[in-house]
Amino acid sequence: METSPLALATARIIVAALPDGVELGVDEVAGLLAPPPKPELGDLAFPCFRLAKALRKGPPVIATELAQALPTDGLITETRATGPYLNVRLDLGKAAPLVLSDLVRGQPATPPAREQRVMVEYSQPNTHKAFHVGHMRNVCMGDAIVRLLRADGYDVVAANYYGDVGAHIAKCMWWYLDHLDDAGREPPAEGRGEWLGEMYTRANNLLADWADAAKAGDAEAQAKLDAGRARTTDLLQKLESRHPEVAEVWDRTRQWSLDDFAEIYRWCGVEFDRAFYESEVDEPGLALVEEYLQRGIFVESEGAVGIFNEEVKHMPFFMLRKRDGTGLYATKDLALARLKFEEHAIDRSIYVVDTRQSDHFRHVFLTLHKMGFTQAERCEHVPYEVVELPSGPMSGRKGNVILFRALRERMTAHLVDNYLAKYRGQWPDEEIERTAHVVALGAIKFGMLARDVNQKIVFDMESWMAVEGDTGPYLQYSAARTNSILRKAAKADKPFDPSLLDDPQRLQAAGAALVQPEERQLILELAELSPQVHRAADKLRPSTLCTYLLGLAKAINRFSNAKQCHVLRSEGAILEGRLLLVQAAREGMRWGMGQLGIEAPERM
RNA sequence: GCUCGCAUAGCUCAGCCGGAUAGAGCAACGGUUUCCUAAACCGUAGGCCGCAGGUUCAAAUCCUGCUGCGAGCACCA
């Protein structure tokens, strides 16, 4: 749904009352309706500026006239012109069923049937390198975008693209083969990918140290550097040609990394429909380059092959084949794009990759277009800013990284020690562990998603673990409280009765009984759920949904805290209305969080 | 230098398809528990919305210029 059921119903009433000569449709009016700055003013506000020209009257006059013209015996019970705004008050007996019924049934938004297949490529981890917090932003973003698009009615293929070839692997191999003895090559039982990543870092550091010393005039270091470089180049060539000396080792170690990644994705609750590997597109990429060089689309420049995309003014040449005849990242991206188009018949292709590669993707899409792939117009890069640590940008060399395994263990341990320990003995140990997992994951996901994509994120483990304020755990807590209310209500023989939904009269009475401001505000907030999910999907901006859910959680907690809204102590229609509201809030909150990949624990 | 992004409360940010008195979290101070989870709620204090112009009935929001910060910029991925 693009607009809330309340806005839509209200807009119908307003449009019917509009004077002749005003060309505003229901959808348009619904889009203009917004909450007034203060709840005392009304439930929805209609700004009258747009009518001024057509009616040749001042907006305040129009607001006053509309306030008198609108019928107040239906959904709208009260109208008030405040300056250029027309504020309306709604009858909750009618409004509550409109908003809450679908939520309670667990189908808050019936997405339009879109006939578009969308591929979302994200994560793209390199094998033989460690997975750290910085990589999490991409995983969280990509997964949320997949979920949001699915909720919005698209057929989505979630794709990963593993970097399983390239210079970094040659460096790792160099360490593994040349610096370790047989015992040293024995992998640990767990975290073998991370273990390989350490090797890559050591190799990188050693080469960098030699380079520094050589620069300072150290002849011995220069010799070592030359030898090291020669060996890594040799290994890289052998890797690319699948030389028997390295093929078996590559295969085995690569799998260690893939196993690590699979375990991480499992912990994160992230799933892919298709895995691509750089190793499957490097050859086809070079073949494409040759083909389009023959066809005159690509050209030679200083011995290299590429294409001049003059649209990218500051750097028009997009290199696709090096002087030595080998391919680049870009080369593979072309072959991968073709594979995506042909194998999956996708209409739209989304790449979630950090913002530093914006130029690269501009080139890729321009090039695809010039190669004749019309789908290039439906390719889009979703850029996002990088994650840093309080001590500065993440750097493997400086050791300024937090590896995924350590992150997860420290967070879950902190949650158990500081919050969940009090339930020890009361809850099964297994539930405590599971809750720590869900909450730690919620904290990470929310933290990674809540900021706009072009804001840098400083990952400060201390403050994220404080789980106070605008956090994932705050959302989870609000959902857990609704659970708790429903659980206790059922225990007190006051369970929510779903047959209420099939009895319009009872339903109306239940809605009309909700007279407290906290109840009204919660209903109004819930009405925005599906429009907000649609918006986040449409703009590919999970952060906007995060902001909305914080407001919803606030409304839930205000309601839960309000003495005058106590559920267990109420009876009759009020009880029924409140149970309906809490049930809808619970389902809505869980569903909304679910679109971000955040789970709500039963209790916490 | 060129291209892109950012600049809003002490800190971190939201608001940016122009519209009511610019909001939230953290930090500070004060309050709420015989009451469904105090991981909560309420209140107080805190703002030349980077600077200067322009467009408009109306600008944090759109346009231009400037300043500061960050990123990218041919054989890395």
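Under the working numbering, the residue at position 40 of the first sequence is numbered 1313, and the numbers go up by one with no gaps.
Glycine included, each C-beta is placed from N, C-alpha and C at the ideal position.
Keep in mind that this is a model prediction, so the values were computed, not measured.
Residue i and residue j closer than 8 Å at C-beta
| i | j | result |
| --- | --- | --- |
| residue 1432 | residue 1815 | no |
| residue 1663 | residue 1627 | no |
| residue 1374 | residue 1774 | yes |
| residue 1610 | residue 1637 | yes |
| residue 1694 | residue 1748 | no |
| residue 1620 | residue 1391 | yes |
| residue 1504 | residue 1559 | no |
| residue 1667 | residue 1407 | yes |
| residue 1316 | residue 1361 | yes |
| residue 1714 | residue 1856 | no |
| residue 1279 | residue 1368 | yes |
| residue 1294 | residue 1327 | yes |
| residue 1705 | residue 1689 | yes |
| residue 1277 | residue 1768 | no |
| residue 1355 | residue 1314 | yes |
| residue 1551 | residue 1438 | yes |
Straight-line Cα distance separating residue j from residue i
| i | j | result |
| --- | --- | --- |
| residue 1860 | residue 1846 | 21 Å |
| residue 1633 | residue 1578 | 16 Å |
| residue 1351 | residue 1322 | 21 Å |
| residue 1334 | residue 1291 | 13 Å |
| residue 1723 | residue 1793 | 26 Å |
| residue 1807 | residue 1425 | 6 Å |
| residue 1344 | residue 1286 | 8 Å |
| residue 1358 | residue 1320 | 5 Å |
| residue 1574 | residue 1603 | 16 Å |
| residue 1699 | residue 1840 | 25 Å |
| residue 1462 | residue 1537 | 16 Å |
| residue 1783 | residue 1730 | 45 Å |
| residue 1608 | residue 1513 | 16 Å |
| residue 1442 | residue 1528 | 13 Å |
| residue 1624 | residue 1877 | 36 Å |
| residue 1752 | residue 1863 | 7 Å |
| residue 1581 | residue 1591 | 6 Å |
| residue 1924 | residue 1844 | Because the chain here runs from 1274 to 1877, residue 1924 falls outside it and cannot be looked at. |
| residue 1563 | residue 1680 | 45 Å |
| residue 1472 | residue 1303 | 59 Å |
| residue 1509 | residue 1445 | 11 Å |
| residue 1546 | residue 1526 | 23 Å |
Element boundaries [beta strand (DSSP E), containing residue i]
| i | result |
| --- | --- |
| residue 1655 | 1652-1655 |
| residue 1696 | That residue, residue 1696, is in no beta strand (DSSP E); it is neither H nor E in DSSP. |
| residue 1360 | 1358-1363 |
| residue 1624 | 1621-1625 |
| residue 1348 | Per DSSP, residue 1348 belongs to no beta strand (DSSP E) and is neither H nor E. |
| residue 1539 | Where residue 1539 is concerned, there is no enclosing beta strand (DSSP E), although the alpha helix (DSSP H) it sits in stretches over 1517-1541. |
| residue 1862 | Run containing residue 1862: none in the beta strand (DSSP E); it sits in the alpha helix (DSSP H), 1845-1867. |
| residue 1594 | 1590-1594 |
Bridge-paired residues (DSSP) for residue i
| i | result |
| --- | --- |
| residue 1662 | 1665 |
| residue 1573 | 1578 |
| residue 1435 | 1550 |
| residue 1645 | Residue 1645 pairs with nothing; no bridge assigned. |
| residue 1405 | 1676 |
| residue 1390 | 1428 |
| residue 1399 | 1436 |
| residue 1731 | 1661 |
| residue 1716 | Paired residues: none, contrary to the question. |
| residue 1317 | 1361 |
Range of the contiguous alpha helix (DSSP H) that encloses residue i
| i | result |
| --- | --- |
| residue 1322 | 1322-1328 |
| residue 1585 | That residue, residue 1585, is in no alpha helix (DSSP H); it is neither H nor E in DSSP. |
| residue 1427 | Element bounds for residue 1427: n/a, residue is neither H nor E. |
| residue 1498 | 1492-1513 |
| residue 1247 | Because the chain in this structure spans residues 1274 to 1877, residue 1247 falls outside the shown range and cannot be described. |
| residue 1793 | 1790-1800 |
| residue 1378 | Note, residue 1378: premise wrong, no alpha helix (DSSP H); not H, not E. |
| residue 1740 | Careful: residue 1740 lies outside any alpha helix (DSSP H) and carries neither H nor E. |
| residue 1871 | Note, residue 1871: premise wrong, no alpha helix (DSSP H); not H, not E. |
| residue 1337 | 1332-1342 |
| residue 1723 | That residue, residue 1723, is in no alpha helix (DSSP H); it is neither H nor E in DSSP. |
Check your understanding: Can you find at least 3 beta carbon pairs, one from the region 1506-1524 and one from the region 1444-1451, that sit closer than 8 Å?
Key -> yes
Check your understanding: Using 8 Å as the Cβ pair cut-off and three pairs as the minimum, do the region 1529-1536 and the region 1392-1401 touch?
Key -> Because the criterion of three Cβ pairs below 8 Å is met, the region 1529-1536 and the region 1392-1401 touch.
Review point. Are at least three pairs of beta-carbons, each pair with one atom in the region 1430-1444 and one in the region 1728-1739, less than 8 Å apart?
Key: no
Practice item. Evaluate the contact criterion for the region 1493-1504 versus the region 1452-1472: three or more CB pairs, one atom per stretch, below 8 Å. Key: The region 1493-1504 makes no contact with the region 1452-1472: fewer than 3 CB pairs, one atom from each, lie closer than 8 Å.
Review point. Should the region 1827-1836 be called in touch with the region 1378-1385, which here means at least 3 C-beta pairs below 8 Å?
Key: Judged by Cβ distances under 8 Å, the region 1827-1836 makes no contact with the region 1378-1385, as fewer than three pairs qualify.
Check your understanding: Are the region 1867-1875 and the region 1747-1765 in contact at 8 Å, needing three or more beta carbon pairs?
Key -> yes
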